[in-house]
Amino acid sequence: MKLILLGPPGSGKGTQSRLLCEKLGLPQISTGDILREARQRRTALGKKTEGYITQGQLVPDALMLALMEERLNQKDCQAGYILDGFPRTVAQAKEFDDRLEHRGETLNAVINFLVPHEELVKRLTGRRQCKGCGAGYHLEYAPPQRRGVCDRCGGVLFQRDDDKAETIEKRLAIYQDQTSPLTGVYERAGLLKNIIGVGGSELIFRKILHEIGLS
Ligand code: AP5
């Protein structure tokens, strides 16, 4: 199965793609995670892209397409994958579509999360992540037992640079401008499944399974 999770920053793509990957035994391909890891490891890709990420801007298409070509060619993608954060521009979607067609492959669905603006801001400002194991938390919705400490590994929790209030509004505006046109593209292709992304994560997960015919 090949799925794209689409939606603005904070709409729950990462949360739901982890649940889907666990259920379906497929790799989660989060371009944001790949870029943050490259930055942390100070690789050439990390150095080239960190400015874009911290300022809330999109990384140029050519870089993203090269990165994804390499990732999708890996063996674990043969049976399918869940894309979280890619494609994010019409140019990326076009290139990805050409790649599928060239290989005689098809996309099963594009899950599009609908979440009100104020809720997105609340989710992003409250999000925290563990420096050690990467576990995700939210100060209000999924708080750790001890403030600033990971329940799972005892690591330190931190806030992503791009989750600062001033950068969040910029990311949301860029989403509207550059990524939201993809909903029209995938709707015309008959692939778009709109999901109201408000409510408990388990409820949203069940809605997705229903939309993709797994419940
Ligand atoms: P990326 O990491 O992809 O960030 P994003 O799209 O902005 O999405 P987020 O990770 O912020 O949110 P999410 O939708 O995954 O929500 P989450 O599940 O975490 O990209 C980062 C940057 O990398 C980009 O800005 C860009 O610079 C670059 N980049 C990446 N891909 C690119 C591409 N293709 N092209 C160009 N540049 C690219 O949830 C958020 C919070 O809400 C969490 O705290 C969570 O616990 C909570 N939450 C989740 N679900 C619920 C719920 N149902 N109820 C209550 N709380 C919830």
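So our numbering is basically just the index in the sequence shown, starting at one, shifted up by 237. Glycine residues also receive a C-beta, built at the ideal position from the N, C-alpha and C atoms.
If you compare the alpha carbons of Gln415, Tyr289, Gly436 and Lys260 with that of proline 324, the shortest gap goes to Gln415. Apart from the 5 residues on each side of it in sequence, leucine 302 sits with its Cβ closer than 6 Å to the Cβ of Glu332 in its chain, given in chain order.
DSSP lists Leu242 and Ser267 as the beta-bridge partner residues of aspartate 321.
The C-alpha of lysine 430 lies about 7 Å from the C-alpha of alanine 346.
Between the segment 337-355 and the segment 387-403 there are fewer than three C-beta pairs closer than 8 Å, too few to call the two in contact. When only Cα atoms are considered, serine 452 and leucine 446 end up about 6 Å apart. In the structure shown, glycine 450 falls within a coil segment according to DSSP collapsed to helix, strand and coil.
By the Cβ neighbour-count rule, leucine 440 is exposed, with fewer than 16 other Cβ atoms within 10 Å of its own. For tyrosine 289, the enclosing alpha helix (DSSP H) starts and ends at 281-291. Bridge partners of isoleucine 432 according to DSSP: Phe350. Separation of the CB atoms of cysteine 387 and glycine 369 is rounded to 6 Å, and the pair is thereby assigned contact status at 8 Å. The closest CA to that of cysteine 390, considering only Lys284, Gly373 and Ile271, is found on Gly373. When secondary structure is reduced to three states using DSSP, glutamine 294 falls in the coil class, being assigned neither helix nor strand.
Your pair glycine 434 and glycine 317 does not check out as a contact, with CB atoms roughly 22 Å apart and the cut at 8 Å.
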